[in-house]
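Novice:
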Amino acid sequence: MSAKSLLCLAFLFSTVLVVQAFYGPSSDVEKLTSENFKEKVLDSADVWLVEFFAPWCGHCKVFAPEFLKAATTLKGVIRFGAVNAEVQKALADKYEIKGYPTVKYFSHELQRTTDDPNAIMKHTEDFSGSRTAKSVAEYALSKLPSKYAVTSESLHRFLALNPKVSKVILCFNSSSQLPVFEPIEAQFRHRLIFGILNATDKALTHKYHLVHFPSLVVIRHLDNSAHVYENDLSSASAGKFLNVFAARKSVVEAVQQGLAKYSLSAEPSRRPDNEQSPRRDTNTRSGTVEGKHLPSETALPLSETVSVDAQPESVEDRGEDVVAPEAVPARDLPDGPIAAVDEKDEL
0 MSAKSLLCLA
10 FLFSTVLVVQ
20 AFYGPSSDVE
30 KLTSENFKEK
40 VLDSADVWLV
50 EFFAPWCGHC
60 KVFAPEFLKA
70 ATTLKGVIRF
80 GAVNAEVQKA
90 LADKYEIKGY
100 PTVKYFSHEL
110 QRTTDDPNAI
120 MKHTEDFSGS
130 RTAKSVAEYA
140 LSKLPSKYAV
150 TSESLHRFLA
160 LNPKVSKVIL
170 CFNSSSQLPV
180 FEPIEAQFRH
190 RLIFGILNAT
200 DKALTHKYHL
210 VHFPSLVVIR
220 HLDNSAHVYE
230 NDLSSASAGK
240 FLNVFAARKS
250 VVEAVQQGLA
260 KYSLSAEPSR
270 RPDNEQSPRR
280 DTNTRSGTVE
290 GKHLPSETAL
300 PLSETVSVDA
310 QPESVEDRGE
320 DVVAPEAVPA
330 RDLPDGPIAA
340 VDEKDEL
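What follows is the structure, given as structure tokens:
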């Protein structure tokens with residue numbers, strides 16, 4: 000084998016090692032590509048935080064352990080993904096990535112674009128906080144919706160949310176009934192996942208045998224069994240009924256405890272919070288970044304991809320690998336009668 004071939008193999012091997020050093024295949028940060036982005040991010044009811052990074056970026060290397068800690072702490076609550084923007088250039092262009100790392104929030108709501116009614120999009124926002132696990136996790140929690148709109152079309156996405164938490168569907172047939180749900184939502188916020196269902200959706204009211212409104216349908220997370228409550232929602236029995244299915248700890252408490260086990264510095268990087276590595280233009284020999292001419296020593300020849308040799312100075316990885324417990328897989332709703340509960344039933 001020629002020396003040139005050996006050098007090429009060494010380059011490819013070192014590039015693979017650099018990529019794997021960020022997030023492995025079993026990481027709580029999911030690998031996103033042009034092929035799976037729509038299915039995973041845009042077609043789900045989950046809130047996502049997505050990092051766009053480059054393997055050679057020193058800022059990205061420092062940030063990766065913190066992003067992973069946040070992802071592990073919020074596993075099942077918020078979904079975290081990463082896009083190698085040097086490979087997935089179409090995605091980086093679509094979301095106008097100018098520098099690395101860029102973290103974007105993708106909302107839970109699915110929207111149709113005005114230009115193309117068949118196109119699905121989500122509201123996005125750039126994360127601009129400190130690059131620590133604590134800052135990322137707190138930002139992500141602030142984006143959790145208080146409740147989700149549930150329809151026949153979106154039910155499967157709603158039920159696919161955090162498999163460790165039971166779901167509650169708030170059912171109404173008049174907007175005047177909506178204030179009745181507010182005390183329940185406040186009492187069990189972050190201990191149950193709430194959805195709102197308009198009784199005009201006959202397919203779901205029939206599915207759950209709903210007759211009286213307002214009412215509640217609880218989907219128990221352990222077996223996806225459905226339990227209906229159609230009594231007075233302002234009575235103590237409504238809270239007693241929901242308490243049977245609610246998580247003992249709220250999501251916020253669990254996240255705070257999860258973050259407490261990490262020794263968090265105010266900022267793991269010695270560089271300013273908002274400093275980024277500029278995205279490179281590999282299509283020209285000299286290259287430009289936002290209209291500025293790049294110095295010749297940082298330009299990439301046409302025949303080369305991004306080289307490991309082009310990385311900034313090495314920065315010590317201060318993070319640690321985190322192994323999270325396996326999530327309980329979601330199951331399909333069982334067939335059969337729905338269990339109705341009234342005030343006289345023992346809970």
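So for the sequence shown, numbering that gives the first Met the number 0 puts the first residue at 0; every next one is plus one.
Yeah, the Cβ is synthetic: ideal placement off N, Cα and C, and Gly gets one too.
Note that the structure is predicted; figures quoted are calculated from it, not measured.
Could you give the first and the last residue of the continuous beta strand (DSSP E) run that contains His208?
Specialist: Taking the first residue of the sequence shown as 1, we reach residue 208 at position 209. Here His208 belongs to no beta strand (DSSP E), and DSSP marks it neither H nor E.
Novice: Along the alpha helix (DSSP H) that carries Cys356, what are the first and last residues, could you check?
Specialist: As displayed, the chain neither begins before 0 nor continues past 346, which places residue 356 out of reach and without an answer.
Novice: CA-CA distance, Val86 and Phe51?
Specialist: Taking the first residue of the sequence shown as 1, we reach residue 86 at position 87. Taking the first residue of the sequence shown as 1, we reach residue 51 at position 52. So the two alpha carbons sit approximately 11 Å from each other.
Novice: Pull the bridge partners of Arg188 from the DSSP assignment, please.
Specialist: Here residue 188 corresponds to residue number 189 of the sequence shown, with the count starting at 1. Arg188 is bridged to Leu191.
Novice: Within the continuous alpha helix (DSSP H) that includes Arg219, where are the two ends?
Specialist: Counting from 1 along the sequence shown, the entry for residue 219 is found at position 220. Where Arg219 is concerned, there is no enclosing alpha helix (DSSP H), given that its DSSP letter is neither H nor E.
Novice: Between Ala53, Ala63, Leu31, which lies nearest to Val135 when the distance is taken from Cα to Cα?
Specialist: Along the sequence shown, one-based indexing puts residue 135 at 136. Looking at the Cα atoms, Ala63 is the closest of the given residues.
Novice: Would you list the residues sitting across from Ala168 in a DSSP beta bridge?
Specialist: Sequence index remark: in the sequence shown, residue 168 carries index 169 (1-based). It is Ile, not Ala, that sits at residue 168 in the sequence shown. BP columns for Ile168 point to Gly194, Val216.
Novice: What is the rounded straight-line gap between the Cα of Asn83 and the Cα of His58?
Specialist: The residue you call residue 83 lines up with position 84 of the sequence shown. The residue you call residue 58 lines up with position 59 of the sequence shown. Each residue's alpha carbon lies about 14 Å from the other.
Novice: Determine contact between the region 20-29 and the region 92-104, defined as no fewer than three beta-carbon pairs at a distance below 8 Å.
Specialist: Output reads no: the region 92-104 does not touch the region 20-29.
Novice: Check each candidate in Val210, His208, Leu48, Tyr22 and name the one with the smallest Cα separation from His122.
Specialist: Numbered from its first residue, the sequence shown carries residue 122 at position 123. When each option's Cα is compared against that of His122, the closest is Leu48.
Novice: On the DSSP bridge assignment, give the partners of Tyr94 in chain order.
Specialist: Here residue 94 is taken as the residue at index 95 of the sequence shown, counted from 1. According to DSSP, Tyr94 bridges with nothing at all.
Novice: Less than 6 Å between C-beta atoms, sequence neighbours within five positions excluded: which residues of the same chain meet that for Val314?
Specialist: Against the sequence shown, residue 314 aligns to sequence position 315. With a pLDDT of 35 at Val314, under the threshold of 50, the modelled position of this residue cannot be trusted, and the question is left open.
Novice: Would you check if the region 138-157 and the region 30-45 touch, i.e. whether three or more CB-CB distances between them fall below 8 Å?
Specialist: Touching, yes, given that three or more Cβ pairs across the two stretches are closer than 8 Å.
Novice: What residues are listed by DSSP as bridge partners for Arg78?
Specialist: Residue numbering aside, residue 78 sits at position 79 when the sequence shown is read from its first letter. Arg78 is bridged to Trp47.
Novice: Mind the definition here: the region 166-174 touches the region 207-217 only if three or more C-beta pairs lie below 8 Å; say whether that holds.
Specialist: Flag = yes, the region 166-174 and the region 207-217 touch.
Novice: Which residues in the same chain as Gly194 place their Cβ atom closer than 8 Å to its Cβ, once the five residues preceding and following it in sequence are excluded?
Specialist: Stepping through the sequence shown from its first residue, residue 194 is reached at position 195. Closer than 8 Å at the Cβ level, and outside the excluded window around Gly194, lie Lys146, Tyr147, Ala148, Val149, Phe157, Lys166, Val167, Ile168, Leu169.
Novice: Using the rule of at least 16 other Cβ atoms within 10 Å of the residue's Cβ for burial, across every protein chain shown, is Gly257 buried or exposed?
Specialist: Indexing the sequence shown from 1 puts residue 257 at position 258. Per the 10 Å Cβ criterion, buried.
Novice: Drop a sphere of 10 angstroms on the beta-carbon of Asp334, count the other beta-carbons inside from all chains shown, and report buried for 16 or more, exposed for fewer.
Specialist: As a first step, residue 334 must be located in the sequence shown, where it is residue number 335. Bear in mind that a pLDDT of 42 at Asp334, under 50, signals an unreliable position, so the model cannot answer this.
Novice: According to DSSP, Asn83 sits in a beta bridge with which residue or residues?
Specialist: Residue mapping note: residue 83 aligns to position 84 of the sequence shown, counting from 1. For Asn83, which the question treats as bridged, DSSP gives the partners Phe52.
Novice: Could you work out which residue in Ala81, Thr199, Pro54, Lys39 is closest to Phe66 when comparing CA atoms only?
Specialist: The sequence position of residue 66 within the sequence shown is 67, counting from 1. When only C-alpha atoms are compared, the closest one is Ala81.
Novice: Are there 16 or more other CB atoms within 10 angstroms of the CB of Pro182, so buried, or fewer, so exposed?
Specialist: If you number the sequence shown from 1, residue 182 lands on position 183. Classification of Pro182: exposed, given that the 10 Å Cβ count is below 16.
Novice: With respect to the alpha helix (DSSP H) encompassing Glu124, which residues constitute its N-terminal and C-terminal limits?
Specialist: To locate residue 124, count along the sequence shown from 1; it is residue 125. No alpha helix (DSSP H) contains Glu124, which is instead part of the beta strand (DSSP E) from 123-125.
Novice: Please report the Cβ distance between Ile254 and His220, rounded to the nearest whole angstrom; I am assuming they are in contact, meaning their Cβ atoms lie under 8 Å.
Specialist: Position 255 of the sequence shown, counted from the first residue, corresponds to residue 254. Position 221 of the sequence shown, counted from the first residue, corresponds to residue 220. The sequence given here has Val at residue 254, not Ile. Not quite, the Cβ-Cβ distance comes to about 18 Å (not below 8 Å), so this is no contact.
Novice: Which residue wins for smallest C-alpha separation from Ala246, given the options Ala132, Pro162, Ala91?
Specialist: For the purposes of this step, residue 246 is taken as the residue at position 247 of the sequence shown. Out of Ala132, Pro162, Ala91, Pro162 has the C-alpha closest to the C-alpha of Ala246.
Novice: In terms of alpha-carbon separation, which member of Trp55, Phe36, Leu160 lies closest to Lys74?
Specialist: As a first step, residue 74 must be located in the sequence shown, where it is residue number 75. Considering only alpha carbons, the answer is Leu160.
Novice: Could you tell me the distance, in whole angstroms, from the CA atom of Glu124 to the CA atom of Leu140?
Specialist: Within the sequence shown, the letter at position 125 stands for residue 124. Within the sequence shown, the letter at position 141 stands for residue 140. Going by the C-alpha atoms only, they are around 14 Å apart.
Novice: Assign Val227 to one of three DSSP states: helix, strand, or coil.
Specialist: Start at 1 with the first residue of the sequence shown, and residue 227 comes out as number 228. Strand at Val227.
Novice: Find the nearest neighbour of Arg190 within the set Phe244, Gln176, Leu232, Glu95, judged by alpha-carbon distance.
Specialist: As a working note, residue 190 is residue 191 in the sequence shown. Selected option, being the one with the closest Cα: Phe244.
Novice: Secondary structure at Tyr138, three-state DSSP: helix, strand or coil?
Specialist: Along the sequence shown, read from residue 1 onward, the residue named residue 138 stands at position 139. Tyr138: helix per DSSP, three-state reduction.
Novice: From Ala91 to Ala53, what does the alpha carbon distance come to, in whole angstroms?
Specialist: One-based indexing of the sequence shown puts residue 91 at position 92. One-based indexing of the sequence shown puts residue 53 at position 54. When rounded, the distance between both Cα atoms is 11 Å.
Novice: Please name the residue in Gly238, Val250, Pro24, Ser233 whose C-alpha comes closest to that of Pro178.
Specialist: Walking along the sequence shown from the start, residue 178 turns up at place 179. Nearest option by C-alpha distance: Ser233.
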